[in-house]
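Novice: Before I ask anything, let me first share the structure, which is written out below as structure tokens.
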Amino acid sequence: MKETLSAQEAADFCFAQDFYLIGFSKSKKNTDVIKMRIRRVFVKNEKVFQLESYTKTQVFHKTLTQESLLAELANAFTLFGAATVEANEFRFFFFSNKRGAIRYTKKARKESDALPLTHDKKPNYLLPDSEPIAFLIAQGIMSTDGKVVKKMYPKFRQINKFLEFIHNVLPAFDENQKISILDFGCGKAYLSFALYHYLHVELRRAVQLVGLDLKEPVIKNANALAKRLDFAGLEFFCGDIANYKTESAPDMVICLHACNTATDYALAKAVQYGAKVIMAVPCCQHELFAQIKQTPLPKENPAAPLFEHGIIAERSAALLTDTMRATLLKAAGYKVQVMEFIDTEHTPKNILIRAIKKDSRNAEYEKTVRESYSALKKFFGVEPLLETLLRDEQLL
């Protein structure tokens, strides 16, 4: 074969390999598209291809026939400096120089890696499970050849699910805006590193992310890894959520698995900062459970049976806690959604509270929300900490 290929020759070569996935990266300056992926699928037994083009804020989808595929491939090779091609027997790696000359290498797949011809059910992750990603390798989630370590696949899936939620809120920010993020209770910082990588490396957004946790060894390790990866906009501090102070208010606050009322302190801080986006995955919601246990509901209360049995009472109190948190955020001027979030640390699936600050307040609507909240509080006879924290700062 020729020592180098043109874009059209590279496209012809890929077309002949009967590939099932191509990922293009390292976009050139003459395009707004920063990443592209072409995936083979079967629709009613007919082979077609799904093209996904990623800009800084959006993802565009297009279905290609075999006839239109070749032109799109040739165009992609002119727009991007690197590509990974997944075929049944080989994995190909393409690289182009500044003059546009393209070279490639190939690596044989092991028999255990062979994938079936139909790939339309394969999860389409924002971080692919077939390309080496430095922070995932450093955290032991991925091997150096780009394969996800089997026992770490739940964590890999969780990371991608979290990034999907993040991607969906990016339209809340200006495209060229530097996004400052505060991660309360970052723990081992799997998601902190994933968020920084996705926004800064994949989407090329300007990002400043601060992680906060109580465990000094965890913070020390996280800072060392950030330095090793040259993640200049990512840093970690040891401290308590309730007492944390910052000179500049963050644009986004995330709080994942902050135990019990630590979530309430994080939510209150976020509202106090006026954060545009709040993402919280609460856990260990003991506060209202303890209140109801200490002062049981009257027998004539229709909800009393929910708290007669330990496991049901605990789950009911947890749902009540998060319902009241979501309602308080609405009353504070946020559009709120409560969604299911895949988790690997506490329960198989957790609740994610996603709140986006509204551009304008609606006093009448917020009054109705407060009245609904007050009725709920009276019905269950509880006093949530978050309400106290928000009222102390005159945020309700």
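5 is the number of the first residue of the sequence shown in this note's numbering; add one for each residue after it.
Just so it is clear, CB atoms sit at the ideal spot from N, CA and C, and this is done for glycine as well.
Keep in mind that this is a model prediction, so the values were computed, not measured.
Would you decide whether D124 is buried or exposed? Buried here means 16 or more other CB atoms lie within 10 Å of its CB.
Specialist: Only weak support is given to the placement of D124: the predicted model assigns it a pLDDT of 45, under 50, and the question is left unresolved by the model.
Novice: Would you tell me roughly how many angstroms separate the C-alpha atoms of Q398 and A321, rounded to the nearest one?
Specialist: Looking at the two C-alpha atoms, the distance is approximately 27 Å.
Novice: Can you tell me the Cβ-Cβ gap for I163 and Y194, rounded? I've got them flagged as a contact below 8 Å.
Specialist: The Cβ separation is near 6 Å, so the contact holds.
Novice: Between the C-alpha atoms of Y108 and E56, what's the straight-line distance to the nearest angstrom?
Specialist: For Y108 and E56, the distance between alpha carbons rounds to 23 Å.
Novice: Please go through the region 219 to 262 and give each complete beta strand (DSSP E) segment of 3 or more residues, from N-terminal end onward.
Specialist: Segments of the beta strand (DSSP E) lying fully in the region 219 to 262: 238 to 242.
Novice: Say whether the region 132 to 147 touches the region 21 to 29, bearing in mind that this needs 3 or more beta-carbon pairs closer than 8 Å, one atom from each stretch.
Specialist: Output reads yes: the region 21 to 29 touches the region 132 to 147.
Novice: Could you have a look at I137 and say whether DSSP puts it in helix, strand or coil?
Specialist: Correct three-state label for I137: coil.
Novice: Where V342 and A11 are concerned, what is the direct C-alpha to C-alpha distance, given to the nearest angstrom?
Specialist: Approximately 46 Å, taken between the alpha carbons.
Novice: Determine the direct distance from the alpha carbon of F98 to that of E7, and round the result to whole angstroms.
Specialist: Spanning the two alpha carbons is a distance of roughly 13 Å.
Novice: Got a sec, what are the start and stop residues for the alpha helix (DSSP H) L380 sits in?
Specialist: A367 to F384 is the extent of the alpha helix (DSSP H) around L380.
Novice: Identify whether R319 lies in helix, strand or coil by the three-state DSSP scheme.
Specialist: DSSP places R319 in helix when its eight states are reduced to three.
Novice: Let me know if Q143 comes out buried or exposed under the rule of 16 or more other beta-carbons within 10 Å of its beta-carbon.
Specialist: It is buried - the Cβ of Q143 has at least 16 other Cβ atoms within 10 Å.
Novice: Using CA coordinates, which residue listed in L218, N180, K224 and E291 is at the minimum distance from H204?
Specialist: Residue N180 is the option with its Cα nearest to H204.
Novice: How about the region 276 to 294 and the region 386 to 395: do they share at least three Cβ pairs that are nearer than 8 Å?
Specialist: Yes: at least three Cβ pairs fall under 8 Å.
Novice: Can you give the Cα-Cα distance for H261 and H65, rounded to whole angstroms?
Specialist: Spanning the two alpha carbons is a distance of roughly 34 Å.
Novice: For L167 versus I185, is the C-beta distance shorter than 7 Å?
Specialist: Result no, Cβ atoms of L167 and I185 do not sit closer than 7 Å.
Novice: Jot down the residue ranges of each uninterrupted beta strand (DSSP E) in the region 138 to 218, minimum 3 residues, whole runs only, in chain order.
Specialist: Complete beta strand (DSSP E) runs here, min 3: 183 to 188 and 211 to 217.
Novice: Pull the bridge partners of L9 from the DSSP assignment, please.
Specialist: Its beta-bridge partners are I106.
Novice: Going by CA-CA distance only, name the one from A112, V211 and F84 that's closest to I106.
Specialist: It is F84 whose Cα lies nearest to the Cα of I106.
Novice: From P302, I355 and K339, pick the residue whose C-alpha is nearest to that of G366; which is it?
Specialist: First, the residue type needs correcting, since residue 366 is Asn and not Gly in the sequence shown. It is K339 whose Cα lies nearest to the Cα of N366.
Novice: Would you list the one or two residues that DSSP bridges to H65?
Specialist: Beta-bridge pairing links H65 to E56.
Novice: Rounded to a whole number of angstroms, what is the C-alpha to C-alpha distance between K224 and N101?
Specialist: Roughly 39 Å between the two C-alpha positions.
Novice: Please determine, among K60, R44, L394 and A138, the residue with the shortest C-alpha to C-alpha distance to V211.
Specialist: Looking at the Cα atoms, K60 is the closest of the given residues.
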